[in-house]
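Right, one structure below, let's go through it.
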Amino acid sequence: MATYLIVEARLEAAVMRTLLEAADIQDVKVLSGEGKSSALSLAKSIGLTRSENVAVLVDADTMDARRIEEQYQAFTDLNGSADGFVRLFLAVPTLEEALFPDVETFCNIFKVALTGRQHARFQTDRMSVIRSLLTIPGDGETRIKPHARMDKEAAREGFGRPLLKELLSYLRQDSSK
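According to our numbering, the residues represented by the sequence shown are 152 to 328, in order.
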């Protein structure tokens, strides 16, 4: 039985594939929903039609605790009969900010150095820096460059990021079934 991880964007899917590979978590299919609503819908569809476990990792797009709780509640209400198969993980406020809260964390995780210009741009547009440094342009599927490898031991521990620790624990349990 496969486990799915659904994220919002192709670059996020590529980063998560790299993380799962480094953490030695196998049998997880990582898919991009191409947007938050589409990711949530895809997760529900897979949960209902295939009766397979799905982790959906999307941006909360807020720091407001009340709005975050409302998103969890709306997800539960909308999921209905797929609820037993689909689990929501909200990245607060966004996945890139939850994974890479600062330049140093990003550089340590991917073992890269940034120029002064990239460092400044990282503060306002993390995804463009991540895309330019780590991805291979081309065939429609976003892929991480081979040199951009994560530290395996740190990856297994979710780089100390609470969201990643919880997600990896969920995926480990499901992929071992």
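Don't be surprised by glycine CBs; every beta carbon is placed ideally from N, CA and C. All values derive from a computational prediction rather than experimental measurement.
Check	Outcome
Any idea if residue 155 is buried or exposed, counting beta-carbon neighbours within 10 angstroms, 16 or more meaning buried?	buried
From the DSSP output, read off the bridge partner residues of residue 181.	156
Under 8 Å between the Cβ atoms of residue 176 and residue 323?	yes
CA-CA distance, residue 277 and residue 229?	31 Å
For the alpha helix (DSSP H) that residue 265 lies in, which residues bound it at each end?	Premise fails: residue 265 is in no alpha helix (DSSP H) and is neither H nor E.
Classify residue 264 as buried or exposed, calling it buried when 16 or more other Cβ atoms lie within 10 Å of its own Cβ.	exposed
Run through the segment 179-265 for me and flag every whole alpha helix (DSSP H) of 4 or more residues, listed as ranges in chain order.	187-201, 216-230, 246-250, 254-261
Taking just the CA atoms, how far does residue 250 sit from residue 305?	13 Å
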